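Novice: Chains as they are written, first to last, in this note's numbering: chain A, 1 to 121; chain B, 1001 to 1121.
C-beta atoms are modelled at their ideal positions from N, C-alpha and C, and glycine is treated no differently.
Being a predicted model, the structure only gives us computed values, none of them experimental.
2 protein chains.
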Amino acid sequence: MTHTLTEDGLCEVDLVDEDVVRDAMSGRAADQDVDRLAETFQVLASPTRLRILEALAGRELCVCDLAALAGVSQSAVSHHLRMMRALRLVRYRKESRMAYYRLDDDHIGVLLATGLEHVRE
Amino acid sequence: MTHTLTEDGLCEVDLVDEDVVRDAMSGRAADQDVDRLAETFQVLASPTRLRILEALAGRELCVCDLAALAGVSQSAVSHHLRMMRALRLVRYRKESRMAYYRLDDDHIGVLLATGLEHVRE
DNA sequence: GAAATATGTGAGCAGTTGTTCATATGCTAG
DNA sequence: CTAGCATATGAACAACTGCTCACATATTTC
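1. For A:H118 and A:C64, I'd like the C-alpha separation in whole angstroms.
2. Would you please verify whether the beta carbon of A:D19 is less than 8 Å from any beta carbon of chain B?
3. Is it right to say B:G1027 is buried, meaning 16 or more other beta carbons lie within 10 angstroms of its own, or is it exposed?
4. Assuming A:L44 and A:A55 are in contact, meaning their beta carbons sit under 8 Å apart, how far apart are those beta carbons, in whole angstroms?
5. Taking 8 Å as the threshold (beta carbon to beta carbon), is B:L1111 in contact with chain A?
6. Is A:E54 close to chain B? Criterion is C-beta to C-beta, closer than 8 Å.
7. With B:A1067 as the anchor, note down where its beta strand (DSSP E) starts and where it stops.
8. Give me the Cα-Cα distance between A:P47 and A:L111, rounded to the nearest whole angstrom.
9. In terms of residue numbering, what span does the alpha helix (DSSP H) encompassing B:L1112 cover?
10. Any C-beta of chain B sitting closer than 8 Å to the C-beta of A:E117?
11. Taking DSSP as the reference, what is the three-state secondary structure of A:R22?
12. Using only CA atoms, which one of B:R1088, B:E1039, B:R1051 and B:D1031 lies nearest to B:A1070?
13. A:V34 touches chain B at which residues, Cβ-Cβ below 8 Å?
14. Taking DSSP's pairing of strands, which residues face B:A1099 in a bridge?
15. If we call anything under 8 Å between Cβ atoms a contact, is B:D1033 one with A:R120?
16. What's the C-alpha gap between B:K1094 and A:Y100?
17. Can you name the residues of chain A whose CB is closer than 7 Å to the CB of B:A1038?
18. How would you list, in chain order, the residues of chain B whose beta-carbon sits under 7 Å from the beta-carbon of A:A29?
19. Going straight from the alpha carbon of B:L1037 to that of B:M1098, what length do you get?
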C-alpha cells in the first residue's frame, strides 16, 4: 500500500501545532539541509570518530596523539579527520609538520553531550 | 607507524584541562556508552528517518501518515520505526489497529535542532 | 641532498545498511 | 466467520562504510 498526501481518505493527516522544538525546526526543512544533517550524523556514527571528538573536547591535539587516544592507526585517523573536516566537525591549524585539530564550534560539544545524556538515561 | 599511549617519546600527549563541554562529558566515557551513542547517531543518519522525526516534532502520527510524509513505503517506515524504537528515539501507543508514534524525549528535539543549526550556519 | 618524521590519500576487501517484496499478525466491520 | 485494513517482519540484493596497506607530500635535521 502506497499512501500519498493528496490521496483521499483513510488514515488522513491532521496537523496539530503545539510544540517547543517546532520553533527551532519550524515547517519542513529543505531537502539540502536534511541531506547534510544526515551526512553529519553519519560522521558522528562511529565509535572511533566519537573517541576522537571526545579527545578533542576542550583542547587541541595532533594527529598522532589522536591515533594513540582513539586506539587506531594514524592512517585511519587521518581518513576520519578528513571526513570530519568536510562536515565542519573539526578544524585544524598547521604548525610546521604538525597538524593540531580542535572541535569546529560549540554545536559539536552540544551534540555529543546531549547524545551521551540520552544514551545514559 | 603505530603509536600507543605508553610508547616513549615523540609526539607525546600532554593534557590541558580547560573547557565547558568537558564538564558534561568529563573524562573518558565508557565503551558501552560510546558504542550506544554511535548507534544512536547511526539511526539519525538517514534523510528518511530524519523526515520521520521532523514530522513527529510536536505531534503524534500513525504509521501510514508517516509513510506519506516521508515519501516511502509503509514497510520501509515500519522498519525505520522499529530501529528508532530500539534506541528510544520514538515511542508509540497502540489504539485498536493504529499505532501512534511520537518523539521519545526532549533530547531528540535538541539533537535535531542543534544539528540543523550546525548545517545551516 | 638524504634520511627521518608527520600527515594525507587511493585502492581494495569484509562487514553493514536501506530498500523492496512477500507474508504474517491483529483488529474491525459486515 | 470472512474480508479488509494497519502494522510488523524476514529474506535478499545493491550500495555504502571502516579498516589496512602502500605510497605520496611536506617539513625538518644532519
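Specialist: Quick answer:
1. Numbered from its first residue, the first sequence carries residue 118 of chain A at position 118. Numbered from its first residue, the first sequence carries residue 64 of chain A at position 64. Near 31 Å, if we compare the C-alpha coordinates of A:C64 and A:H118.
2. Indexing the first sequence from 1 puts residue 19 of chain A at position 19. For A:D19, the predicted model reports a pLDDT of 36, less than 50, meaning its position is unreliable and no value from the coordinates is stated.
3. Locating residue 1027 of chain B in the second sequence gives position 27, where the first residue counts as 1. Within a 10 Å sphere around the beta-carbon of B:G1027 sit fewer than 16 other beta-carbons, which makes this residue exposed.
4. The residue you call residue 44 of chain A lines up with position 44 of the first sequence. The residue you call residue 55 of chain A lines up with position 55 of the first sequence. At roughly 15 Å, the Cβ-Cβ gap does not stay under 8 Å, so A:L44 and A:A55 are not in contact.
5. Here residue 1111 of chain B refers to the residue found at position 111 when the second sequence is read from its first residue. B:L1111 counts as touching chain A.
6. Counting from 1 along the first sequence, the entry for residue 54 of chain A is found at position 54. A:E54 counts as touching chain B.
7. Taking the first residue of the second sequence as position 1, residue 1067 of chain B is located at position 67. Here B:A1067 belongs to no beta strand (DSSP E); instead the alpha helix (DSSP H) covers V1063 to A1070.
8. Here residue 47 of chain A refers to the residue found at position 47 when the first sequence is read from its first residue. Here residue 111 of chain A refers to the residue found at position 111 when the first sequence is read from its first residue. Put simply, the backbone Cα of A:P47 is about 15 Å away from that of A:L111.
9. Here residue 1112 of chain B is taken as the residue at index 112 of the second sequence, counted from 1. Unbroken alpha helix (DSSP H) run through B:L1112: D1106 to R1120.
10. Stepping through the first sequence from its first residue, residue 117 of chain A is reached at position 117. Yes, A:E117 lies at the interface with chain B (some Cβ there is under 8 Å from its Cβ).
11. Position 22 of the first sequence, counted from the first residue, corresponds to residue 22 of chain A. Since pLDDT at A:R22 reaches only 39, below the 50 mark, its modelled position is unreliable, and no value is offered.
12. In the second sequence, the residue the question calls residue 1070 of chain B occupies position 70. Looking only at B:R1088, B:E1039, B:R1051 and B:D1031, the smallest Cα-Cα distance to B:A1070 is reached by B:R1051.
13. Working through the first sequence from its first residue, we reach residue 34 of chain A at position 34. Going along chain B in sequence order, the residues near A:V34 (Cβ under 8 Å) are P1047, L1050, R1051 and E1054.
14. Mapped onto the second sequence, residue 1099 of chain B falls at position 99. Per DSSP, B:K1094.
15. One-based indexing of the second sequence puts residue 1033 of chain B at position 33. One-based indexing of the first sequence puts residue 120 of chain A at position 120. It is a contact, given that the beta carbons lie within the stated cut-off.
16. Residue numbering aside, residue 1094 of chain B sits at position 94 when the second sequence is read from its first letter. Residue numbering aside, residue 100 of chain A sits at position 100 when the first sequence is read from its first letter. Spanning the two alpha carbons is a distance of roughly 52 Å.
17. For the purposes of this step, residue 1038 of chain B is taken as the residue at position 38 of the second sequence. Here the neighbours are A45, S46, P47 and L50.
18. Reading the first sequence from its first residue, position 29 is the one you call residue 29 of chain A. Under the 7 Å cutoff, chain B gives E1054 and L1116.
19. The residue given as residue 1037 of chain B occupies position 37 in the second sequence. The residue given as residue 1098 of chain B occupies position 98 in the second sequence. Annotation: B:L1037 to B:M1098 spans about 30 Å, alpha carbon to alpha carbon.
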